[in-house]
Amino acid sequence: MTKLKPELFQAASKAPGTVWRPDDTEPTVPACPDTVYREDILAAIEQTIKSLDKELRSLSLDVHSHPEIGYEEHRTHDVLTAFMESHGFNVTRHYALPTAWLSEFSNGSGGRTIGINSEMDALKGIGHACGHNLIAISGIAVACAIKAVFEKFSISGRIQLLGTPAEEGGLGKLKLLDAGCYKDMAACIMCHPAPGPKGSLSLTSCLAMDKVEVEYFGHTAHAALSPWEGINALDAAVLAYNNISALRQQLKPTHRVHGVFEGRDWAPNIIPDYAKYICYVRAPTVAERQETMNRVVPCFHAAALASGCEVKVTFTGASADIRQNKVLGDEVAHIVRSKYGDIDYEWGIKGASTDFGDVTYGFPARSASQLRNPTVAGGGNHTPEFADAAATEVAHYACLDASKALAAVGVRVIIDDHFYRRVKKSFDDDVASRDFAA
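Next up, the structure:
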């Protein structure tokens, strides 16, 4: 048996539940399913979130009942920042973007910074059908719980909770990244609601996405009197759509291409001289997304050639897949399985996309999806039924369980140097393994 160095034995003895393994240089978390790192800290997290339960529920329902789309979250911005100020955080309103915000809390001197995200935008026409009211309060619950732990255990460190606008197509986090808003964070954590098996939390990734707008320009004519004088832009858009449909048969089942048409002054008796095809291309990684995009773009040009239209292809934004940090994920999974339920790797937002992916490409990060949102058949994300589910108590308490686990992981990032070195190594190993080929 390996003999412990006295100073290391003392360090291990300070963390209830830690064990020593012969091949370790520092204490590690045991595999025992009913033991987690620093049970005393997790208990404080649970107590804090329990004490905030009614406030968080009220806040969630308030945001849910006043949905605002991306970059228009003005009321939501004010409500959330007022809440954070009332709980002892230093708040910077309109941080880098008009509806973004930053809440900070520091304790002691030095220490790492844990980052957290609170999304808040809704979907046009169907409100909080992706549950961002829950993401908003989850970030707040995590931040408040970590703050309480800092104060109770005299821990030195810093919390940065970002209010991130316009996740639904507006790529708000990319703009915050470009503005340097994530630069001080040692790691970043958040959660996202999704339907799935009751009592579980998902740790899936998501799809990388590219957004493209394709405009076709033709010539108007009387659709019955002299159609031969026209050049039909709608025909071009329909041909592009059908080209994509034919291509889809040869795409991998994990890839997605989909879109809609938009027109201008269309009438059934006029040959349309303008049509727009808005198209999203998704794939499991950035490299695979580019491979599929290279096959999709010729479909647009072929449609223009066949119809006689002019074409303009504009790339309007892209987001990366989530590079889930394995060490952070394993710790989340251990806590959830020990205390709150089970872990799933198939549901969650696996087939969707989010601007959080680009955050995970820059430094260690982890997103989790709570899977207790009660929905009817056909009522997954981006449906009116999911908006209804996001206001239920079941979804609320699933969100709080996820928040407890994330808060515990966030504290460990700050206080456990050995754990954080493993987090960093996992990130560095992932960077080395990535395929960036176009």
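Numbered by full-length UniProt numbering, the letters in the sequence shown go through residues 1 to 438 in order.
Heads up, the beta-carbon is just placed ideally off N, CA and C, and yes, glycines get one too.
All values reported here derive from a predicted model rather than from experimental measurement.
For residue i, three-class secondary structure by DSSP
i    : result
F363 : coil
V332 : helix
E26  : For E26, the predicted structure reports a pLDDT of 41, less than 50, and the residue's modelled location is therefore unreliable. A value from the coordinates is still provided. Looking at E26 - three-state DSSP - the assignment turns out to be coil, as it is neither helix nor strand.
T256 : Residue 256 is actually Arg in this sequence, not Thr. Three-state result, R256: strand.
H222 : strand
E39  : helix
H192 : strand
L406 : helix
W228 : helix
R434 : coil
G139 : helix
E393 : helix
L97  : coil
A148 : helix
R21  : At R21, the pLDDT of 33 sits below 50, so the modelled position is not reliable; the number obtained from the coordinates is stated separately. Reduced to three states, the DSSP call for R21 is coil.
P298 : helix
A398 : helix
A31  : At A31, the pLDDT of 45 sits below 50, so the modelled position is not reliable; the number obtained from the coordinates is stated separately. In this structure, A31 counts as coil in the three-state DSSP scheme.
T375 : coil
Y182 : coil
Q290 : helix
N133 : helix
Q47  : helix
I322 : coil
L305 : helix
D416 : coil
K425 : helix
A267 : coil
K339 : helix
A12  : At A12 the pLDDT is 33, less than 50, meaning the model places this residue with poor confidence and gives no usable figure here.
First and last residue of the uninterrupted beta strand (DSSP E) at residue i
i    : result
A283 : Y274 to A283
N90  : N90 to T92
M84  : It is not in any beta strand (DSSP E) - M84 instead sits in the alpha helix (DSSP H) that spans H74 to S86.
I343 : D342 to D344
Bridge partner(s) assigned by DSSP for residue i
i    : result
T113 : R158
F217 : Y274 and E310
Q370 : P193 and L201
N107 : G157
I69  : A122
K211 : Y280 and G317
F261 : Y277
L102 : T92 and L162
G127 : L123
A187 : I114
8 angstroms contact criterion, which residue i and residue j should meet: CB distance rounded
i    : j    : result
I45  : A408 : 6 angstroms
I414 : G157 : 4 angstroms
I140 : M84  : 7 angstroms
N373 : A389 : 4 angstroms
L371 : D401 : Not quite, the Cβ-Cβ distance comes to about 11 angstroms (not below 8 angstroms), so this is no contact.
V296 : A405 : The pair is not a contact, with the Cβ atoms about 39 angstroms apart (cut-off 8 angstroms).
I114 : G410 : 4 angstroms
C309 : Y241 : That pair is no contact at about 14 angstroms.
E190 : S307 : A small fix is needed here, since residue 190 is Met in this sequence, not Glu. Their Cβ separation, rounded to whole angstroms, is 45 angstroms, which puts M190 and S307 out of contact at 8 angstroms.
T35  : S338 : 7 angstroms
L176 : L97  : 7 angstroms
E104 : I159 : 6 angstroms
A129 : P384 : 6 angstroms
A275 : F261 : 6 angstroms
S403 : S138 : 5 angstroms
I41  : V142 : Actually they do not touch by this definition, with Cβ atoms about 13 angstroms apart.
Enclosing alpha helix (DSSP H) for residue i [first to last residue]
i    : result
D355 : Neither: D355 is in no alpha helix (DSSP H) and is coded neither H nor E.
S58  : D53 to S65
G172 : G172 to D178
Y241 : A233 to R248
P388 : For the sequence presented, residue 388 should be read as Asp rather than Pro. Counting along the chain, the alpha helix (DSSP H) containing D388 begins and ends at P384 to A389.
Handout entry: At least three beta-carbon pairs within less than 8 angstroms, the region 256-275 to the region 220-227
Key = Segments in contact, yes.
Exercise for the section: Flag this pair as touching only if the region 177-192 and the region 411-429 have three or more C-beta atom pairs under 8 angstroms; answer yes or no. Expected result: Remark: three or more beta-carbon pairs, one from each stretch, lie closer than 8 angstroms, so the region 177-192 and the region 411-429 are flagged as touching.
Exercise for the section: Determine, using beta-carbon pairs with one atom in the region 194-209 and one in the region 319-330, whether at least three such pairs fall under 8 angstroms. Expected result: Short answer: they touch.
Exercise for the section: Count the C-beta pairs between the region 419-426 and the region 118-126 that are closer than 8 angstroms, then say yes if the count reaches three, no if not. Expected result: With a cut-off of 8 angstroms, the region 118-126 and the region 419-426 do not count as touching, because too few Cβ pairs lie within range.
Problem - Stretch-stretch touch, CB-based, cutoff 8 angstroms, three pairs: the region 167-180 with the region 69-83 - result: In short, these stretches touch, since the Cβ pair count reaches three.
Handout entry: Meets three-Cβ-pair contact criterion under 8 angstroms: the region 83-102 and the region 343-363
Key = Result no; under three Cβ-Cβ pairs closer than 8 angstroms.
Exercise for the section: Report yes or no: do three or more beta-carbon pairs, one from the region 297-317 and one from the region 192-200, lie closer than 8 angstroms? Expected result: Taking 8 angstroms as the limit for Cβ pairs, the verdict is that the region 192-200 does not touch the region 297-317.
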